[in-house]
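Quick notes on the structure that follows.
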Amino acid sequence: MENEKPKAIILYLARSLPKDITDLKESLKLLSENFNNRFNYPVIIFHEDFDEKLIQDIRCITNSCIEFERVEFEIPDFLNKDKVSTHPFPIGYRHMCRFFSGIVFQHPSLRNYDYYWRLDTDSFLLKKINYDVFGFMQRNNYIYGYITILKDPPDVVKNLWEATKKYIEENKIKPTFLNKFIRNGCWERYYYYTNFEIGNLNFFCSNRYMEYFNYLDRLGGIYEYRWGDTPIHTLAISMFVPENQVHRFRDIVYRHQSYENYLGFNIYSIRRVSIKFAKFFHWLIGSKYIE
């Protein structure tokens, strides 16, 4: 029913490194203060090696109901492990890319949910969200929600467009709005910034999405070239989802590393813009949105 509370979950993937845990605690604290104390959605933290002491320590800093799910990462058997182990990006990062590209949607802990909100350990909600983002997605029949669009460097998407173009042709797919990201027959490497994304699990668990993911997965580009979940999600969404079912959350004040979103303004630079300056900027423009 439209007015029923959505079956939704907020998820993280976290390492046990001290910096990551410090960030995770701050992210969870801000999530609770600015959203979840009011709307009370469960949180899953996927991890490789949290011990019980760390788990209890994390539980103590938030009122959110948190589940912890241990995951194990390994290069799949169908790939040449020697060939894919050499890359400037650490193997752990490429495991993460594969996990969020498709493996997470097969995890049993998500079976009873219709929506997920993915945040990174260094994703920070900086101001109160006064509406239920999942209810908003459900009422408006949105399949995907994002915060901004950025552009990947060519070396980390090598051969991804060629593989996707072949998949489209072989499966006679008529993309919904992929043409918006294409110029002169080539994908321009734009992607949804997935450290903040809200998705409909009925889509991401569907055959059409998982078949595309499995096709890319077996090509090995995630490990060989560091294909990320960001372009894989973006290409799939722009192939299969109507554009009017994709929403940009311009109104959520959010920071991740050097990217900051303030009421539709994107502040993205090599050096992180200080929060003090960004708050002043936010005060200066008030609540007026400028495209």
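Numbers in this note's numbering are just positions in the sequence shown, counted from 1, shifted up by 9.
For glycine and all other residues, C-beta sits at the position ideal for the given N, C-alpha and C.
Per the DSSP calculation, residue i is bridged to which residue(s)?
i, result
"G208", "Y125, Y153"
"E35", "Bridge partners of E35: none, in fact."
"R264", "F133, E269"
"K160", "Y199"
"F55", "L22, E78"
"I191", "W196"
Cutting at 6 Å between CB atoms, please list the residues of its own chain near residue i, excluding the five before and the five after it.
i, result
"I19", "Y50, V52, W126"
"Y224", "Y176"
"F249", "R217"
"L187", "S247, M248"
"P163", "none"
Quick one: give me the first and last residue of the beta strand (DSSP E) that residue i is part of.
i, result
"E171", "That residue, E171, is in no beta strand (DSSP E); its alpha helix (DSSP H) goes 169-179."
"L22", "17-23"
"L88", "Unbroken run through L88: none, as it is neither H nor E."
"F77", "75-79"
"R257", "255-257"
Can you name, in chain order, every residue of its own chain whose Cβ lies under 8 Å from the Cβ of residue i, other than the five neighbours on each side?
i, result
"D226", "P85, R107, S110, G111"
"F133", "E35, S36, L39, Y263, R264, H265"
"K137", "E42, N43, F44"
"C74", "N49, P51, V52"
"A172", "Y224, L225, L228, G230"
"I70", "K34, L37, K38"
Measure the Cβ-Cβ separation of residue i and residue j and say whether it is below 8 Å.
i, j, result
"I152", "N209", "yes"
"L119", "N204", "no"
"W236", "C195", "no"
"D141", "F48", "yes"
"D161", "Y102", "no"
"T95", "N270", "no"
"K174", "Y234", "no"
"G154", "F258", "yes"
"I64", "F82", "no"
"F143", "Y124", "yes"
"N12", "N46", "no"
With a threshold of 16 other CB atoms inside 10 Å of the CB of residue i, please say whether the residue is buried or exposed.
i, result
"R217", "exposed"
"Q147", "buried"
"E206", "buried"
"S278", "Confidence is the limiting factor: at S278 the pLDDT is only 40, short of 50, which leaves the residue's position unreliable and the question unanswerable from this model."
"L26", "exposed"
"L244", "buried"
"K28", "exposed"
"P99", "exposed"
"L159", "exposed"
"D238", "buried"
"P97", "exposed"
"P240", "buried"
Excluding five sequence neighbours on each side, which residues of the same chain lie with their C-beta closer than 7 Å to the C-beta of residue i?
i, result
"D32", "T130, D131"
"Y122", "K16, A17, I18, L210"
"N150", "Q254"
"C214", "F114"
"F190", "W196, E197, Y199, S247"
"P251", "T185"
"D58", "S25"
"G229", "L88, V93"
"Y232", "I84, L88, V93, R103"
"K90", "I84"
So the alpha helix (DSSP H) residue i belongs to, where does it begin and stop?
i, result
"H96", "Counting along the chain, H96 falls outside any alpha helix (DSSP H), and DSSP gives it neither H nor E."
"F249", "238-249"
"E220", "216-228"
"L63", "61-68"
"R148", "142-148"
Closer than 7 Å to a non-hydrogen atom of the ligand FAD - does that hold for the CB of residue i?
i, result
"Y153", "No copy of the ligand FAD occurs in the structure displayed, which carries no ligand at all."
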